[in-house]
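Note that the protein sequences, when read in sequence, are chains A and B. Going by the numbering used here, the first residue of the first sequence is number 1, and it counts up by one from there. Going by the numbering used here, the first residue of the second sequence is number 1001, and it counts up by one from there.
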Amino acid sequence: MTHPAAASQPATPPALQAIGISKAFLSGKLHTQVLEDFSLRIEAGELTLISGPSGCGKSTLLAILSGLQKVDGGRVLALGSELGQLDLRALERFRLQHTGFVFQGFNLFPALSAFEQVELPLNHMGLSRDEARARARRSLEEVGMAPRMKLRPSELSGGEKQRVAIARALAKEPELLFADEPTSALDAANGQMIIDILHRIAHTHGTTVLCVSHDPRVVVHADRVLAMEDGRILSDRRTHVPTNDSKVT
Amino acid sequence: MVALARKTLIYEWRRFLPAMLAVGFAGLLQLLQLALVLGIFGSTSVYITGSSADVWVGYPGTQNVGSGRTIDPDVESRILMDPAVQRVEPYDWVDGDWRGPHETGGISVFVSGIDPSPEGLMFSKALSPSLRARLAEPDAVIVDRSVLGQLGVNIGETATINGHQVTVVGISSGLRALGGVNVLTSLATARQLDGDPSDNGPTYLVAKLHDPEQADAVAARLRGDTAFGPYTTWSARDFARLSVRYWMFDTGAGAGVLFLAGIVFLVGAVITSQTLIAAVNGSMREYATLNALGVGVAALRRVVLEQAFWVGALGLLGAGLLGVLLMLLAHSQDVPVVLNVPAALACIILVMGLAAVSGLAAMRSLRRADPATLLR
Ligand SMILES: Nc1ncnc2c1ncn2[C@@H]1O[C@H](COP(=O)(O)OP(=O)(O)OP(=O)(O)O)[C@@H](O)[C@H]1O
Ligand SMILES: [Mg+2]
């Protein structure tokens, strides 16, 4: 069932591409080289999983590919734009138009209802009020939270909160969705539901989903699994045939 | 548009309460301080504001009503010659030493000798016609309700001023003085009380005009004639201002007010900004998430500033309500408090300025809302 990634290079341009990037942190006298001459392609419309031991640089890689962190060297291409050439405002605009995020913490505003959490970022995208509300409702329906959309975070379970957080990212209709340990704060059943939703988003919306996780259940659902260690990709395998790419056999 | 700032303020009101209280108390302190100062120093010009004279004539260089010197009595005819003038009357100011019937020791009093006739100008707004008429009796005086205890007298009792016996025939209200006690009497009695033989003219001449609007013009016109010895003229408004300004600035009280205002602003701003910063910090991860989703830092700043605005507005509302109650209480206790539009405006500006400064300080802490910190 698994194929080496190199053997099935698709002709379509990648959604995300890192070319020879390096990243180091300097905290006090301690110099940590997290990534060095690191290259990677992430294909569009797939659920790609990055897994690996703690501290190997997964979150750092995600932050770089999503434009939240600058690289020390190398180039990052996201949807064809070179992120290194965008200033802070342009990066914000790029993220507003093209990316969604799901974090380990749900980071919902305590004062807002589930519906308002989802509507809030849409207000800033220049959508009309009606369009924003319609989108918010649709994406809450998609994650099965429509019946509870009037509730505040304090009235929701952890899994429900994470579904609201996903709906918040999804309502923007982004081409790129980044998730960092989205299931690690949840129990098995809720974690499974989140994975199902992420998988469905990749396949029904054609969204490129890049997910960092230790969770073995995610591995089963991912189209592609990257095992990372010490800032390098150790293995790169496809768990099953991507439904939207007929060239891969 | 989801009203994040307002909804957070309402839902987490406990978090914002200290800021609202700080703003409210700063506003209240400022309001009461100003009202007291205006009330107390306003009373230094009660001789002018409580009378219906439009133009005052006195010794050149006089800085407040209490420090006048006598002028030539013939100036009166000069003033009357002006066609705009309807009526002129003398006003005598005599510094006296009061000895009450009971053990009170010597009290320094300001004797105002006024024309007791019904059309008299001096204190026409502070005395009822019947009360004023009682001054026509020889050696009759009127004292203020607020100083009865201090003077140790009551109506009908006698006392001495500068060794001359007087009888209290009436009690006025709202005629407090600063640094002494006002005693009202007739011009004739005042002259008898004046121990200084060199005083052979009125301290002031006050004039009523046919058209009060012309006070400034007439005052300017009457000035500068030296044929009758030194004198000068002021419109009533200018003289009142001069008097208040003298007390405010030459006594250092104004500097005290400004100093306290500065302290109040500083303390209020520190508490308010700290509370707002804590509130921002409490939502830092959520703000960072919005920023990750592409909501600009400028938009997040607006949320914080809006919260600061509401904190200021609500604090102001509380301060206003409490301030009105306290002012009413002060009035009922004869405490001189006065609030005018510029003073109220100054309080509003101070409070909203305080909220704005605090909001800006809190906005700075938003810089730590770095979405990269959410990925760990
Ligand atoms: N802001 C920072 N300052 C200093 N060092 C950092 C910073 N961010 C990350 N690092 C270091 O970079 C390395 C990689 O961190 P990263 O968060 O990418 O790991 P990770 O693979 O996501 O680990 P985990 O699975 O535990 O989340 C770690 O050694 C960490 O100490
Ligand atoms: Mg991590």
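Glycine is no exception: its CB is placed at the ideal position from the N, C-alpha and C atoms.
Inset, instruction - Go to TYR1091/B, then tell me how far its beta strand (DSSP E) extends in each direction, as first and last residue. - result: In the DSSP assignment, TYR1091/B falls within the unbroken beta strand (DSSP E) covering 1085 to 1099.
Legend entry - Check: LYS58/A C-beta below 7 angstroms from any heavy atom of ligand 1: Indeed, a heavy atom of ligand 1 lies less than 7 angstroms from the Cβ.
Inset, instruction - Run through the segment 1329 to 1374 of chain B for me and flag every whole alpha helix (DSSP H) of 4 or more residues, listed as ranges in chain order. - result: Runs of alpha helix (DSSP H) with 4 or more residues, each lying fully within the segment 1329 to 1374 of chain B, are found at 1341 to 1364, listed in chain order.
Inset, instruction - Please report how far the alpha carbon of SER213/A lies from the alpha carbon of GLN1274/B, in whole angstroms. - result: Annotation: SER213/A to GLN1274/B spans about 38 angstroms, alpha carbon to alpha carbon.
Legend entry - Members of the segment 69 to 88 of chain A near chain B, C-beta cut-off 9 angstroms: Within the segment 69 to 88 of chain A, the residues whose Cβ lies closer than 9 angstroms to some Cβ of chain B are GLN69 and LEU88, listed in chain order.
Legend entry - Sequence-distant residues of its chain with Cβ nearer than 8 angstroms to THR1226/B (five each side left out): Its chain contains no residue whose beta carbon lies nearer than 8 angstroms to that of THR1226/B once the 5 sequence neighbours on both sides are disregarded.
Inset, instruction - Look at the alpha carbon of ASN244/A and the alpha carbon of GLY206/A, and state the distance between them as a whole number of angstroms. - result: Note that ASN244/A scores 49 on pLDDT, short of 50, meaning its location in the model is unreliable; the coordinates nonetheless yield the value given after this. Those two C-alpha atoms are separated by around 8 angstroms.
Inset, instruction - Tell me SER1112/B's beta-bridge partners as DSSP assigns them. - result: According to the DSSP secondary-structure assignment, SER1112/B is paired through a beta bridge with TRP1093/B and LEU1184/B.
Legend entry - Between the CA atoms of LEU1339/B and ARG1145/B - distance to the nearest angstrom: ARG1145/B and LEU1339/B have their C-alpha atoms spaced approximately 22 angstroms apart.
Inset, instruction - Please say whether ASP180/A and SER51/A have beta carbons closer to each other than 8 angstroms? - result: For SER51/A and ASP180/A, no; Cβs fall outside 8 angstroms.
Legend entry - 7 angstroms CB neighbourhood of CYS56/A in its chain, flanking five on each side removed: Only MET228, GLU229, ASP230 and GLY231 meet the Cβ criterion.
Legend entry - Inter-stretch contact at 8 angstroms, needing at least 3 Cβ pairs: the segment 1183 to 1193 of chain B / the segment 1101 to 1113 of chain B: By the Cβ criterion, the segment 1183 to 1193 of chain B is in contact with the segment 1101 to 1113 of chain B, since at least three pairs of Cβ atoms, one from each stretch, lie closer than 8 angstroms.
Inset, instruction - Can you give me, in chain order, the residues of the segment 28 to 47 of chain A that have a beta carbon less than 7 angstroms from any beta carbon in chain B? - result: Hits within the stretch: zero.
Inset, instruction - Report all residues from its chain with a CB closer than 6 angstroms to the CB of ASP1194/B; omit the five preceding and five following residues, and keep chain order. - result: Result list for ASP1194/B: VAL1094, in chain order.
Inset, instruction - Check the DSSP bridge columns for HIS1164/B and list the partner residues they point to. - result: Looking at the DSSP assignment, HIS1164/B forms a beta bridge with ILE1161/B.
Inset, instruction - Would you mind sorting GLY80/A into buried or exposed? The rule is 16 or more other CB atoms within 10 Å of its CB. - result: So GLY80/A ends up on the exposed side.
Inset, instruction - Classify ARG1285/B as buried or exposed, calling it buried when 16 or more other Cβ atoms lie within 10 Å of its own Cβ. - result: Result: buried.
Legend entry - 8 angstroms Cβ cutoff met for ALA189/A and GLY158/A: No. Outside cutoff.
Inset, instruction - Report the rounded CA-to-CA distance for HIS1331/B versus LEU1345/B, giving the unit in angstroms. - result: So the alpha carbons of these two residues sit roughly 21 angstroms apart.
Inset, instruction - Spell out whether any CB of chain B is found under 8 angstroms from the CB atom of SER59/A. - result: Flagged as an interface residue toward chain B: SER59/A, by a C-beta distance shorter than 8 angstroms.
Legend entry - Amino acids of chain A, ordered along the chain, whose beta-carbon sits closer than 7 angstroms to that of ALA1292/B: Those within 7 angstroms of ALA1292/B in chain A are LEU68, ARG95 and PHE101.
Legend entry - Given THR99/A as reference, the closest of PHE106/A, LYS29/A, LEU122/A and ALA132/A once Cα atoms are compared: If we check each option's Cα against that of THR99/A, LEU122/A comes out closest.
Legend entry - Through-space distance from LEU151/A to HIS3/A, alpha-carbon basis: Interpretation of HIS3/A is limited by its pLDDT of 48, a score under 50 that renders its predicted location unreliable; the figure taken from the coordinates is listed afterwards. Taking the straight line from one Cα to the other gives about 45 angstroms.
Inset, instruction - Output the boundary residues of the beta strand (DSSP E) element that contains GLU36/A. - result: Annotation for GLU36/A: the continuous beta strand (DSSP E) segment containing it runs 30 to 42.
Inset, instruction - Spell out whether any CB of chain B is found under 8 angstroms from the CB atom of PRO110/A. - result: Output row for PRO110/A: interface = yes.
Inset, instruction - Identify whether GLU181/A lies in helix, strand or coil by the three-state DSSP scheme. - result: GLU181/A: coil per DSSP, three-state reduction.
Inset, instruction - Determine the DSSP secondary structure at GLY1039/B, reduced to helix, strand or coil. - result: When DSSP states are grouped into helix, strand and coil, GLY1039/B belongs to the helix group.
Legend entry - VAL1002/B - partner residues in DSSP beta bridges: Answer by DSSP bridge pairing: none, since VAL1002/B is not bridged.
Inset, instruction - Return the CA-CA distance between LEU1036/B and VAL1295/B, expressed in angstroms with no decimal places. - result: Approximately 49 angstroms between the Cα atoms of the pair.
Legend entry - Inter-residue spacing [alpha-carbon to alpha-carbon] between ASN1291/B and THR183/A: Cα atoms of ASN1291/B and THR183/A: separation of roughly 22 angstroms, rounded to the nearest angstrom.
Inset, instruction - Closer than 9 angstroms by beta-carbon distance: list the chain A residues that pair up with GLU1012/B, in chain order. - result: Going along chain A in sequence order, the residues near GLU1012/B (Cβ under 9 angstroms) are PRO110 and ALA111.
Inset, instruction - For the segment 1266 to 1290 of chain B, enumerate the residues whose C-beta is nearer than 8 angstroms to any C-beta of chain A, in chain order. - result: Listed by position along the chain: SER1283, ARG1285, GLU1286, ALA1288, THR1289 and LEU1290.
Inset, instruction - Return yes when at least one heavy atom of ligand 1 lies under 7 angstroms from the C-beta of VAL118/A, else no. - result: Not one heavy atom of ligand 1 is found less than 7 angstroms from the C-beta of VAL118/A.
Inset, instruction - Report the rounded CA-to-CA distance for GLY1050/B versus GLY1359/B, giving the unit in angstroms. - result: The alpha-carbon atoms of GLY1050/B and GLY1359/B are separated by roughly 45 angstroms.
Legend entry - Proximal residues of chain B, C-beta to C-beta of ASP180/A below 9 angstroms: What ASP180/A touches in chain B: LEU1374, LEU1375 and ARG1376.
Inset, instruction - Find the residues of chain B that neighbour LYS172/A, judging by a C-beta separation of less than 9 angstroms, and give them in chain order. - result: In chain order, LEU1293 and GLY1294 make up the part of chain B whose C-beta sits under 9 angstroms from the C-beta of LYS172/A.
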